[in-house]
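One rule links them: number in this note's numbering = place in the sequence shown (from 1) + 1091.
Ideal Cβ positions, reconstructed from N, Cα and C, are used throughout, including at glycine.
Keep in mind it's a predicted model, so treat the numbers as computed, not measured.
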Amino acid sequence: MSERISRTQLYKNQPAIVQHLVGLAKAAEDSGLDKSLIHLMKIRASQLNGCAFCQHMHASEARKDGEKQYRLDVLPSWQEAKSAFTAREQAALIWTEALTLVAARGVPDQDYATVAAHYSEQEILNLTALIVTINSWNRIAVAFHFQPEF
């Protein structure tokens, strides 16, 4: 079996890919979205995609930024612990799940209606860019077996 591409090789051999993904994420993150919300969305998408590397990295960053551990603990089953999340966070998590699992069920009108009830069009575009970016990173990390750094 051949060895997978490492993170170092990705950054060295394809810096443009990395720069564009980082740039898209930065544009979304710098748009005024709440930092805690950004962390929750990245972690939730990474959970759905089975990306241990990204889950660990973003949960560590979230804790450093003051995210409460109990919210991270219940995030995989957030719909059973709705009181831990604001209505806006819940809408963003619904949108994150819809776009991350798009192949399984498309994007239901109800999911769009929910996110649109809590966010402006500009904010929805920023949420979407963030979700697209983390899903791209998840696929890269899973494809190349990037390992969490403990």
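{"Asked": "If you follow the alpha helix (DSSP H) that Ser1127 is part of, which residue opens it and which one closes it?", "Found": "1126 to 1139"}
{"Asked": "With three or more C-beta pairs closer than 8 angstroms as the rule, is the segment 1191 to 1205 touching the segment 1109 to 1122?", "Found": "no"}
{"Asked": "Counting Cβ pairs closer than 8 angstroms, one from the segment 1213 to 1225 and one from the segment 1176 to 1192, do we hit at least three?", "Found": "yes"}
{"Asked": "To the nearest angstrom, how far is the alpha carbon of Arg1095 from that of Trp1228?", "Found": "16 angstroms"}
{"Asked": "Quick check for students: name the residue ranges of the alpha helix (DSSP H) that lie wholly in the segment 1163 to 1239, counting only runs of 4 or more.", "Found": "1178 to 1191, 1193 to 1196, 1200 to 1209, 1212 to 1234"}
{"Asked": "Tell me which residue opens and which closes the alpha helix (DSSP H) that Arg1098 is part of.", "Found": "1098 to 1104"}
{"Asked": "Below 8 angstroms on the Cβ atoms is my contact criterion, and I expect Ser1127 with Glu1158 to pass it. Report the Cβ-Cβ distance as a whole number of Å.", "Found": "6 angstroms"}
{"Asked": "Leu1101 and Ile1231 - do their beta-carbons sit closer together than 8 angstroms?", "Found": "yes"}
{"Asked": "Distance, Cα to Cα, Leu1124 vs Ala1150?", "Found": "18 angstroms"}
{"Asked": "How many angstroms separate the CA atom of Val1165 from the CA atom of Asn1140?", "Found": "17 angstroms"}
{"Asked": "Span of the alpha helix (DSSP H) holding Phe1144?", "Found": "1143 to 1155"}
{"Asked": "Roughly how far, in whole angstroms, is the beta-carbon of Ala1178 from the beta-carbon of His1209, given that I think they are within contact range, below 8 angstroms?", "Found": "6 angstroms"}
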